[in-house]
Amino acid sequence: MPKLQTVRGTHDIMGDKARTFRFIQQTFQQVAMRFGHQEISTPIFEFTEVFKRTLGETSDVVSKEMYSFEDRGGESLTLRPEYTAGIARAFISNGLQQSLPCKFFGYGPMFRYERPQKGRMRQFHQIDLEILGVPEPQADIEVLAIAVTLLTELDLMDDITLELNSLGDRESRDAYRDALVVYFTAHKDKLSKDSLARLEKNPMRILDSKDEGDRVLVADAPRISDYYNDATKVFFDEVRAGLDALGISYTINERLVRGLDYYSHTAFEFITKKLGAQGTVLAGGRYDALIEMMGGPATAGIGWAGGMERLAELISPDLVPEEIRPIAIIPIGADCQIEALKLAQSLRASGFTVDMSYRGNMGKRMKRANKAKAVAAILIGEDELKRGLVTVKNFDEGSQTEVALDQITDHLSHYR
RNA sequence: GCGGGUGUAGCUCAGUUGGUUAGAGCGCCAGAUUGUGAUUCUGGAAGUCGCCGGUUCAAUCCCGGUCACUCGCCCCA
0 MPKLQTVRGT HDIMGDKART FRFIQQTFQQ VAMRFGHQEI STPIFEFTEV FKRTLGETSD
60 VVSKEMYSFE DRGGESLTLR PEYTAGIARA FISNGLQQSL PCKFFGYGPM FRYERPQKGR
120 MRQFHQIDLE ILGVPEPQAD IEVLAIAVTL LTELDLMDDI TLELNSLGDR ESRDAYRDAL
180 VVYFTAHKDK LSKDSLARLE KNPMRILDSK DEGDRVLVAD APRISDYYND ATKVFFDEVR
240 AGLDALGISY TINERLVRGL DYYSHTAFEF ITKKLGAQGT VLAGGRYDAL IEMMGGPATA
300 GIGWAGGMER LAELISPDLV PEEIRPIAII PIGADCQIEA LKLAQSLRAS GFTVDMSYRG
360 NMGKRMKRAN KAKAVAAILI GEDELKRGLV TVKNFDEGSQ TEVALDQITD HLSHYR
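Sequential numbering of the first sequence, starting at 0, is according to numbering that gives the first Met the number 0.
Below, the structure written as structure tokens:
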């Protein structure tokens with residue numbers, strides 16, 4: 000038997016954390032559905048190719064972070080490191096081009112083999128939202144509006160800012176990328192060694208560097224907005240006009256880059272300063288090339304993913320609904336056990352939350368009920384049963400009354 | 001993958017300048033109270049001092065390694 004602890008970078012989710020997660024999920028679900036999105040749940044693992052082809056061989060996620068393994072049939076499978084590739088695959092597998100546009104939402108665990116830190120684990124949970132088949136900027140606006148609505152309902156917008164950029168269409172992006180390579184190659188000797196590697200793999204990442212020397216270079220680097228073609232400009236202007244119309248504030252960050260290969264046009268991150276190095280709480284962008292890259296029909300797409308652990312860190316505990324307080328049923332003496340059982344069952348059928356302890360004398364059971372934060376206890380003893388009633392004790396007030404068994408549901412109705 | 005910090009009871013932490021049975025608060029269990037919780041009082045259980053090795057007459061303490069957590073880098077939600 001190995002050590003009895005969770006695998007590095009994984010956690011048990013229980014208690015307050017489970018409640019917070021549920022709250023995030025439910026709020027997200029409601030918001031997404033209000034915008035007309037439908038739930039989709041894709042498998043937790045896919046053929047390795049699904050991620051390899053879409054994320055780009057050079058991305059860190061593919062090159063060093065995937066949990067890949069061979070199953071007994073010799074297939075290479077991978078625990079999903081993100082949601083979008085799976086959704087794109089589902090879109091193709093199910094022939095959903097017949098029913099465009101597709102507006103999806105989903106949530107669940109993701110897996111990346113990384114060095115754990117606060118807000119970064121090997122199994123973590125994301126909420127995810129996508130719109131497929133809408134090349135118009137309206138989709139960008141809607142997707143951002145959903146994110147803002149969610150974060151507002153989670154009461155988080157005071158701590159979070161939206162940073163926005165356009166990576167341009169392919170033509171603009173390629174032109175800019177080339178200009179960057181020329182510029183940074185000319186200053187190769189001054190680049191940090193991390194950035195030297197980025198120059199080969201993903202030059203735009205240099206813009207994001209935290210190295211001071213790099214930052215000096217970046218300050219004079221070509222600006223992406225100078226390389227936008229007309230189509231890109233028009234598209235980005237429409238997105239911004241939509242956000243302005245909705246009163247959504249944002250800051251343009253021309254150095255905001257996305258890590259994964261398939262992005263174009265709109266890219267965005269919702270960022271907080273409260274989480275240290277892992278400040279990105281929700282992020283996404285447009286990926287019009289993705290589905291075609293996977294071998295499907297050319298289909299536009301845009302979406303985002305939010306980190307539940309990171310959101311949970313930020314949410315005020317006061318906002319998270321308390322667990323429903325149960326009504327405790329306490330039989331007094333073995334003879335009343337069956338009656339208590341029947342009463343519990345019928346109250347549950349009527350929608351009450353009912354807790355019944357398994358052993359102990361009355362004092363023990365009262366203690367247990369109190370610890371379970373029961374609103375009230377129903378005491379069933381032989382005396383009461385003979386008279387066809389039970390004793391109901393209110394834990395908050397300490398008061399108690401006798402209630403006829405056939406009126407118990409009415410009497411308790413405000414606890415439902 | 002790289003660098004720094006931390007690791008003592010379920011939790012939060014004290015402590016031992018290397019020396020007999022390692023402590024507190026909270027929590028847990030039991031009793032005071034076998035038809036009444038939350039309050040109070042009394043008692044109890046719970047630790048290979050993260051793990052492995054080294055130095056030493058002796059290591060929870062010093063040294064090395066390792067694992068986990070944590071902060072930063074890389075990267076990302």
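Every residue gets a Cβ at the ideal spot worked out from N, C-alpha and C, and that includes glycine.
Annotated three-state conformation of ASP225 is helix, per DSSP.
If you look at TYR106, you'll find it in the beta strand (DSSP E) that goes 101-110. Secondary structure in the segment 39-70: the beta strand (DSSP E) runs of 3 residues or longer, each lying completely within the stretch, are 44-46 and 66-69 in chain order. Judged by beta-carbon spacing, ALA266 lies within the 7 Å limit of ASN164, meaning their Cβ atoms are closer than that value.
In the three-state DSSP reduction, VAL353 falls in the strand class (E or B).
Spanning the alpha carbons of VAL133 and ASN228 requires a straight line of approximately 21 Å.
For ASP15, there is no enclosing beta strand (DSSP E); the residue is found in the alpha helix (DSSP H) stretching over 15-33. DSSP places LEU313 outside any beta strand (DSSP E); the residue lies instead in the alpha helix (DSSP H), whose first and last residues are 307-313. For PRO136, the uninterrupted alpha helix (DSSP H) run begins and ends at 136-152, by DSSP. The shortest C-alpha to C-alpha distance from LYS189 to any of VAL217, GLU396 and ILE251 is the one to VAL217. If the five residues before and after ARG222 are omitted, its C-beta is found closer than 6 Å to the C-beta atoms of GLU253, all from its own chain and listed in chain order. Linking LEU289 to GLU162 through their CA atoms gives a straight-line distance of about 23 Å. Secondary structure at VAL256: coil, using DSSP grouped into helix, strand and coil. Sixteen is the threshold: since fewer than 16 other Cβ atoms of the shown chains lie within 10 Å of the Cβ of GLN406, the residue is exposed. For the 7 Å CB-CB criterion, ILE91 and GLY295 form a contact. In this structure the segment 140-148 does not touch the segment 326-335; the number of beta carbon pairs closer than 8 Å is below three. A Cβ-Cβ contact shorter than 7 Å links PHE110 with LEU78. Under the 10 Å beta carbon count, ASN360 is surrounded by fewer than 16 other beta carbons and is classified as exposed.
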